[in-house]
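Using the working numbering, the final residue of the sequence shown is 373, and nothing's skipped along the way. All C-beta atoms, glycine included, are put in the ideal place defined by N, C-alpha and C.
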Amino acid sequence: MSVLDTREALKAEIDKVAEVASYLWEKGWAERNGGNIVVNVTEYIDDSMRAMPAISDSISFNMVLPNLKGCWFYCKGTNRRMRDLARFPMDNGSLIRICDDCASYEMVADKAVKPTSELASHLAMHSLMITRGNGYKASMHTHPIELVAMTHNREFLGKDVLTRLLWSMIPETRAFCPKGLGIIPYKMPSSVELADATVAQLNEYDVVMWEKHGVCSVAPDVMEAFDQIDVLNKAALIYIASRNMGFVPEGMSDAQMQELKEAFNL
108 MSVLDTREAL
118 KAEIDKVAEV
128 ASYLWEKGWA
138 ERNGGNIVVN
148 VTEYIDDSMR
158 AMPAISDSIS
168 FNMVLPNLKG
178 CWFYCKGTNR
188 RMRDLARFPM
198 DNGSLIRICD
208 DCASYEMVAD
218 KAVKPTSELA
228 SHLAMHSLMI
238 TRGNGYKASM
248 HTHPIELVAM
258 THNREFLGKD
268 VLTRLLWSMI
278 PETRAFCPKG
288 LGIIPYKMPS
298 SVELADATVA
308 QLNEYDVVMW
318 EKHGVCSVAP
328 DVMEAFDQID
338 VLNKAALIYI
348 ASRNMGFVPE
358 GMSDAQMQEL
368 KEAFNL
């Protein structure tokens with residue numbers, strides 16, 4: 108029996124995670140165990156769940172995040188495949204609650220599936236979102252092929268260089284990813300340094316590129332987190348398709364993008 112069996116709202120949120128996991132796999136953005144999803148599900152936790160005993164010892168995430176006291180998260184499991192999570196989300200992820208010390212967590216349901224190795228980065232992002240009061244509940248990390256490829260060109264890694272290029276490829280990019288794309292120089296995966304750099308970039312952006320690694324996005328829910336990356340990667344595909352046809356794409360002009368910004372209050 109699963110804790111989701113009698114909790115329709117919680118199940119609906121985790122079903123959305125499973126649906127997005129299938130998209131990531133189908134797009135080739137989640138090879139083997141690549142990618143992570145963490146969703147704040149605190150609002151769906153009832154008193155009977157709060158009283159449930161832990162099914163693991165408390166585990167440190169090497170940071171102290173007071174904003175997360177009392178919070179619950181659904182997390183993809185470490186070394187678990189997105190394609191498996193899409194079919195069996197509670198066998199390949201788990202519900203965790205943050206301990207009172209705000210520096211550790213314990214697994215509660217359904218199984219003791221240890222969360223993603225990038226948990227520190229994700230929890231730091233969620234702490235920032237709570238501080239902002241912006242209602243964002245989802246964080247996602249994935250490996251979109253074309254966007255990652257573009258980070259291998261040092262010319263694209265200056266501040267907002269890639270943002271400007273991607274915005275100019277198709278109007279929807281400017282409209283649906285209005286904050287653009289932050290860039291973080293390569294750092295060791297799973298490190299506190301990567302977590303700190305990601306949080307710093309999220310003060311300005313909703314989508315952050317980890318050089319030669321992947322993308323992180325935050326949003327009100329997991330679907331919107333996916334959509335922002337999907338829009339940006341479509342722009343990258345248009346750029347690459349143009350180069351493959353033998354020309355450098357002209358892109359929208361600054362005047363055209365300013366017109367778009369004014370028309371949609373971006």
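In whole angstroms, give me the CA-to-CA distance for residue i and residue j.
| i | j | result |
| --- | --- | --- |
| leucine 301 | histidine 250 | 16 Å |
| histidine 229 | valine 306 | 9 Å |
| arginine 139 | glutamate 366 | 43 Å |
| valine 146 | aspartate 328 | 8 Å |
| aspartate 164 | alanine 348 | 50 Å |
| alanine 370 | arginine 271 | 18 Å |
| histidine 320 | leucine 226 | 16 Å |
| asparagine 169 | lysine 176 | 15 Å |
| glycine 265 | valine 255 | 15 Å |
| serine 155 | leucine 202 | 14 Å |
| methionine 257 | phenylalanine 263 | 7 Å |
| glutamate 133 | asparagine 199 | 18 Å |
| lysine 368 | cysteine 206 | 44 Å |
| valine 268 | valine 110 | 46 Å |
| lysine 218 | asparagine 351 | 47 Å |
| valine 148 | alanine 116 | 10 Å |
| asparagine 340 | valine 322 | 10 Å |
Does the beta carbon of residue i sit closer than 7 Å to a beta carbon anywhere in chain D?
| i | result |
| --- | --- |
| glycine 242 | Although the question refers to chain D, the structure presented lacks it and comprises just one protein chain. |
Going along the chain, which residues of its own chain have a beta-carbon closer than 7 Å to the beta-carbon of residue i, five neighbours each way excluded?
| i | result |
| --- | --- |
| aspartate 313 | Lys286, Ser324, Val325, Ala326, Gln335 |
| methionine 276 | Ala342, Ile345, Tyr346, Pro356, Gly358 |
| asparagine 174 | Ser234, Ile237, Thr238 |
| histidine 259 | Lys319 |
| proline 196 | Ile121, Val124, Ala125 |
| lysine 221 | Gly184, Thr185 |
| valine 299 | Asn169, Met170, Ala227 |
I need the DSSP call for residue i, collapsed to helix, strand or coil.
| i | result |
| --- | --- |
| phenylalanine 100 | Here the chain covers residues 108 to 373 and nothing more, so residue 100 does not appear. |
| serine 129 | helix |
| alanine 245 | strand |
| tyrosine 312 | coil |
| asparagine 147 | strand |
| glutamate 115 | helix |
| glutamate 262 | helix |
| glutamate 213 | strand |
| proline 173 | helix |
| arginine 139 | coil |
| leucine 373 | coil |
| proline 251 | coil |
| isoleucine 291 | strand |
| serine 234 | helix |
| arginine 188 | coil |
| isoleucine 97 | Outside the shown range of the chain, which is 108 to 373, sits residue 97, and nothing can be said about it. |
On the CB-based measure, 16 or more other CB atoms within 10 Å of its CB, does residue i come out buried or exposed?
| i | result |
| --- | --- |
| tyrosine 243 | buried |
| methionine 247 | buried |
| serine 234 | buried |
| alanine 125 | buried |
| asparagine 310 | exposed |
| tyrosine 151 | buried |
| valine 171 | exposed |
| threonine 113 | exposed |
| glycine 135 | exposed |
| asparagine 143 | buried |
| methionine 232 | buried |
| phenylalanine 333 | buried |
| arginine 204 | buried |
Output needed for residue i: all residues of its chain with C-beta closer than 8 Å, excluding positions within five of it in sequence on either side, in chain order.
| i | result |
| --- | --- |
| glutamate 331 | Ala245 |
| isoleucine 291 | Leu301, Ala304, Thr305, Gln308, Val315, Met316, Trp317, Glu318 |
| alanine 362 | none |
| methionine 364 | Trp274, Ser275, Arg281 |
Identify, in the order they occur along the chain, each residue of the same chain with its Cβ nearer than 6 Å to the Cβ of residue i, setting aside the five sequence neighbours on each side.
| i | result |
| --- | --- |
| leucine 373 | Pro285 |
| phenylalanine 283 | Val338 |
| serine 224 | Thr185, Ser297 |
Given 8 Å as the limit, is there contact between the region 179–197 and the region 116–126, that is, 3 or more CB pairs closer than that? yes
Pairs of beta-carbons, one from the region 129–139 and one from the region 184–204, closer than 8 Å: are there three or more? yes
Three Cβ pairs or more, each shorter than 8 Å: is that satisfied between the region 154–163 and the region 199–217? yes
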